[in-house]
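J.:
Protein chains: 2
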Amino acid sequence: MSTQSQPAKFSLELVKTACSNCNLRELCLPLGLSHDETIKLDELVSTRKRLKRGEYLYRANQPFESIYAIRSGFFKTDVLLEDGRDQVTGFQMTGELLGLDGISSESHTCNAVALEDSEVCTIPFSNLEGLSREIHTLQHHFHKVMSREIVRDHGVMMLLGMMRAEERLATFLLNLSQRFTARGYSPAEFNLRMTREEIGSYLGLKLETVSRAFSRFQEEGLIAVQQKHIRILNTPGLKKLMSQQRA
Amino acid sequence: MSTQSQPAKFSLELVKTACSNCNLRELCLPLGLSHDETIKLDELVSTRKRLKRGEYLYRANQPFESIYAIRSGFFKTDVLLEDGRDQVTGFQMTGELLGLDGISSESHTCNAVALEDSEVCTIPFSNLEGLSREIHTLQHHFHKVMSREIVRDHGVMMLLGMMRAEERLATFLLNLSQRFTARGYSPAEFNLRMTREEIGSYLGLKLETVSRAFSRFQEEGLIAVQQKHIRILNTPGLKKLMSQQRA
DNA sequence: GTGAACATTTGATCCACATCAAATAGCTTC
DNA sequence: GAAGCTATTTGATGTGGATCAAATGTTCAC
Numbered sequence: 000m001s002t003q004s005q006p007a008k009f010s011l012e013l014v015k016t017a018c019s020n021c022n023l024r025e026l027c028l029p030l031g032l033s034h035d036e037t038i039k040l041d042e043l044v045s046t047r048k049r050l051k052r053g054e055y056l057y058r059a060n061q062p063f064e065s066i067y068a069i070r071s072g073f074f075k076t077d078v079l080l081e082d083g084r085d086q087v088t089g090f091q092m093t094g095e096l097l098g099l100d101g102i103s104s105e106s107h108t109c110n111a112v113a114l115e116d117s118e119v120c121t122i123p124f125s126n127l128e129g130l131s132r133e134i135h136t137l138q139h140h141f142h143k144v145m146s147r148e149i150v151r152d153h154g155v156m157m158l159l160g161m162m163r164a165e166e167r168l169a170t171f172l173l174n175l176s177q178r179f180t181a182r183g184y185s186p187a188e189f190n191l192r193m194t195r196e197e198i199g200s201y202l203g204l205k206l207e208t209v210s211r212a213f214s215r216f217q218e219e220g221l222i223a224v225q226q227k228h229i230r231i232l233n234t235p236g237l238k239k240l241m242s243q244q245r246a
Numbered sequence: 000m001s002t003q004s005q006p007a008k009f010s011l012e013l014v015k016t017a018c019s020n021c022n023l024r025e026l027c028l029p030l031g032l033s034h035d036e037t038i039k040l041d042e043l044v045s046t047r048k049r050l051k052r053g054e055y056l057y058r059a060n061q062p063f064e065s066i067y068a069i070r071s072g073f074f075k076t077d078v079l080l081e082d083g084r085d086q087v088t089g090f091q092m093t094g095e096l097l098g099l100d101g102i103s104s105e106s107h108t109c110n111a112v113a114l115e116d117s118e119v120c121t122i123p124f125s126n127l128e129g130l131s132r133e134i135h136t137l138q139h140h141f142h143k144v145m146s147r148e149i150v151r152d153h154g155v156m157m158l159l160g161m162m163r164a165e166e167r168l169a170t171f172l173l174n175l176s177q178r179f180t181a182r183g184y185s186p187a188e189f190n191l192r193m194t195r196e197e198i199g200s201y202l203g204l205k206l207e208t209v210s211r212a213f214s215r216f217q218e219e220g221l222i223a224v225q226q227k228h229i230r231i232l233n234t235p236g237l238k239k240l241m242s243q244q245r246a
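Residue numbers (numbering that gives the first Met the number 0), protein chains in the order written: chain F, 0 to 246; chain W, 0 to 246.
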């Protein structure tokens, strides 16, 4: 074990939760940090939290104190309106951060729900700000992560503003595929963690439309669908779909 | 003048461009900074740039080096796709920051165009990161600004994902009204700086649909439209429109 | 293991907005 | 100040996806 080379001052618990030990460090906040710097980050991230499927990590309007790094599992964020309708604003997987939207108003602006049993690292935000005043690399990386979220949101705006249903779904599947690939999973085969209704909510479509688009993709040999299990059979074909925006 | 109490070491040019002198400091980056801290920020923001209507502040794929604070004028940001179609991702007014999307990939991901003759303050990003390692308040405020952009984008996603045309336009008008109010202008009367087509692109609608919605609002006595000049006659009426999402 | 609740698929119909088209009104330029 | 833009309005028609409906498959609780 790598722990045998570490000083004994770390408790077993701390080592267990340490960023320096985490196989997500190339996706998550420690990206680019030296070993010593990562150790400092470990001290912030000493608490982890397990959630069962369906549990809320936080809810809209709760006070914002920490951001969360997903260590395992899968989440959605959504916003509810007064009239009961809601919109999914994103799906998050391992190594991604949750809660960035809460910084601005010091309270969360959406709900974060685990879509499968999950585990997150809690990062008290004021501590993160403190450490990023010390560690330039951490500061810059954190800024990049926030900026990436803005860029992602612009992508969704384009999807919602000018793509037709099948293009939206193709874009969604290719995006998932790419993110699974970055995590060492198969680019072509994965399980959806969300329902057709949640996909539809994210893509600005009704669940029936999502279902029909899946069926159509299957008919055309682009994918094989069996419930939540997806196999991508023709990536170029899906990519081609993405570039035929509504006029 | 307040300058008479300042040390003589500041050149006239520097005083002219200084945040400490700028009447936007309560909207812009200096928010919450002490006088001394604002002076430090002044040193970063020594260069300003004037743009005529239609000029680009930056274009997609250009290297990212600075963010920009709008000192006067009005901008849009948009993203172009290969096939020539484009989507407006935002309209920005005085005191707002441009270029945050560029941090993640170190190159701009959209175009920023002046919609009227404008002036911006150039803030070299690495200097801003440096200073925000020194000034906690600046760091935290900058994080809030980025987070606010994420929250704003989520709002647009909801608008595009589940509102019908008239609700989108009502939301848009009320948002403009609120931002003009925050800048000391009338909440009820303003000039649009963008075309119907640009509004439509932002709202995921065709220009004809935007025009029809304006006409309908006018018929119903909610607003008075004369070309680009808008007078809001019935704010509660517009607000009521916003809460009838498509089922 | 069984029943109830939930998720998905598929068909039929409807409607909000897109598209196509044409007239008019402002703005720019020489 | 006339000509030529571009922006806007308004009307007529088409259509992609919503809505309504019903059958079927899957999951979970007891």
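Glycine included, C-beta positions come from ideal geometry on N, C-alpha and C. All of these numbers come straight from a predicted model, not from anything done at the bench.
On a CA-only basis, which of F:L79, F:R84, F:S65 is nearest E128 (chain F)? Give me that one, please.
T.: As a first step, residue 128 (chain F) is located in the first sequence; it is residue number 129 there, counting from the start. Of the listed residues, the one whose Cα sits closest to E128 (chain F) is F:S65.
J.: Given that I102 (chain W) touches chain F, what residues does it touch there, using C-beta distances under 7 Å?
T.: Reading the second sequence from its first residue, position 103 is the one you call residue 102 (chain W). Within 7 Å Cβ-Cβ: H142, K143, S146.
J.: In angstroms with no decimal places, state the Cα-to-Cα distance between V224 (chain F) and Q91 (chain F).
T.: The count along the first sequence starts at 1 and reaches residue 224 (chain F) at position 225. The count along the first sequence starts at 1 and reaches residue 91 (chain F) at position 92. Cα to Cα, the separation comes out at about 22 Å.
J.: Keeping to the same chain, check which residues put their C-beta closer than 7 Å to that of V155 (chain F); ignore five residues upstream and five downstream.
T.: As a first step, residue 155 (chain F) is located in the first sequence; it is residue number 156 there, counting from the start. Nothing listed; no residue qualifies.
J.: In whole angstroms, what separates the C-alpha of S146 (chain W) from that of I102 (chain F)?
T.: Within the second sequence, numbered from 1, the residue matching residue 146 (chain W) stands at position 147. Within the first sequence, numbered from 1, the residue matching residue 102 (chain F) stands at position 103. C-alpha separation (whole angstroms): 6 Å.
J.: Taking three-plus beta-carbon pairs below 8 Å as touching, is the region 178-189 of chain F in contact with the region 111-120 of chain W?
T.: No, the region 178-189 of chain F is not in contact with the region 111-120 of chain W.
J.: Does the beta carbon of V209 (chain F) come closer than 8 Å to any beta carbon on chain W?
T.: Along the first sequence, read from residue 1 onward, the residue named residue 209 (chain F) stands at position 210. No, no contact with chain W.
J.: Could you check whether the Cβ of E118 (chain W) sits closer than 8 Å to any Cβ belonging to chain F?
T.: On the second sequence, residue 118 (chain W) is found 119 positions in, with the first residue counted as 1. No, its Cβ sits nowhere closer than 8 Å to a Cβ of chain F.
J.: Rounded to a whole number of angstroms, what is the C-alpha to C-alpha distance between S267 (chain F) and P29 (chain W)?
T.: Missing from the structure shown is residue 267 (chain F); chain F here goes from 0 to 246 and no further.
J.: Give the DSSP-derived three-state secondary structure of S65 (chain W) in the structure shown.
T.: The residue given as residue 65 (chain W) occupies position 66 in the second sequence. Strand.
J.: Starting from M157 (chain F), trace the alpha helix (DSSP H) in both directions and tell me its first and last residue.
T.: By one-based count along the first sequence, residue 157 (chain F) stands at place 158. Segment 135-161, the alpha helix (DSSP H) holding M157 (chain F).
J.: Do three or more CB pairs link the region 230-242 of chain F to the region 162-169 of chain F at distances below 8 Å?
T.: The region 230-242 of chain F vs the region 162-169 of chain F: in contact.
J.: Please return the same chain residues whose Cβ sits closer than 7 Å to the Cβ of S117 (chain F), not counting the five positions on each side in sequence.
T.: For the purposes of this step, residue 117 (chain F) is identified with residue 118 of the first sequence, where counting begins at 1. The answer, listed in chain order, is L50, I69, S71, G72, F73, F74.
J.: Determine, for L56 (chain F), whether the minimum Cβ-Cβ distance to residues of chain W falls below 8 Å.
T.: Translated into positions along the first sequence, residue 56 (chain F) becomes position 57. No, no contact with chain W.
J.: With 8 Å set as the bound, which would you pick, yes or no: does the beta-carbon of Q177 (chain F) sit closer than that to a beta-carbon of chain W?
T.: Start at 1 with the first residue of the first sequence, and residue 177 (chain F) comes out as number 178. Chain W, which has no Cβ nearer than 8 Å to the Cβ of Q177 (chain F), makes this no.
J.: Please classify S200 (chain F) as buried or exposed, where buried requires at least 16 other C-beta atoms within 10 Å of its C-beta.
T.: Along the first sequence, read from residue 1 onward, the residue named residue 200 (chain F) stands at position 201. So S200 (chain F) ends up on the buried side.
J.: What are the residues in the region 175-202 of chain W lying within 9 Å of chain F by C-beta distance?
T.: Listed by position, the residues of the region 175-202 of chain W near chain F (Cβ gap below 9 Å) are S200, Y201, L202.
J.: Closest Cβ-Cβ distance between E95 (chain W) and chain F: below 8 Å?
T.: Taking the first residue of the second sequence as 1, we reach residue 95 (chain W) at position 96. Closer than 8 Å: no.
J.: Sorry if obvious, but does the Cβ on A17 (chain W) come closer than 7 Å to a heavy atom of the ligand SAM?
T.: What this structure holds is no ligand at all, so the ligand SAM is not there to describe.
J.: Could you name the residues that DSSP lists as bridge partners for D266 (chain W)?
T.: Residue numbering for chain W in the displayed model covers 0 to 246; residue 266 (chain W) lies beyond these limits and cannot be assessed.
J.: For the alpha helix (DSSP H) containing Q252 (chain F), list its first residue and its last residue.
T.: The structure shown does not extend to residue 252 (chain F), since chain F is modelled only from 0 through 246, so no value can be given for it.
J.: Check whether the Cβ of R167 (chain F) lies closer than 8 Å to any Cβ atom in chain W.
T.: In the first sequence, counting from the first residue as 1, residue 167 (chain F) sits at position 168. No, because no Cβ of chain W sits closer than 8 Å to the Cβ of R167 (chain F).
J.: Quick one: which residues of the region 149-160 of chain F get their C-beta closer than 7 Å to a C-beta of chain W? List them in chain order.
T.: Those residues of the region 149-160 of chain F that come within reach of chain W (Cβ to Cβ, closer than 7 Å) are I149, V150, D152, H153, V155, M156, M157, L159, G160.
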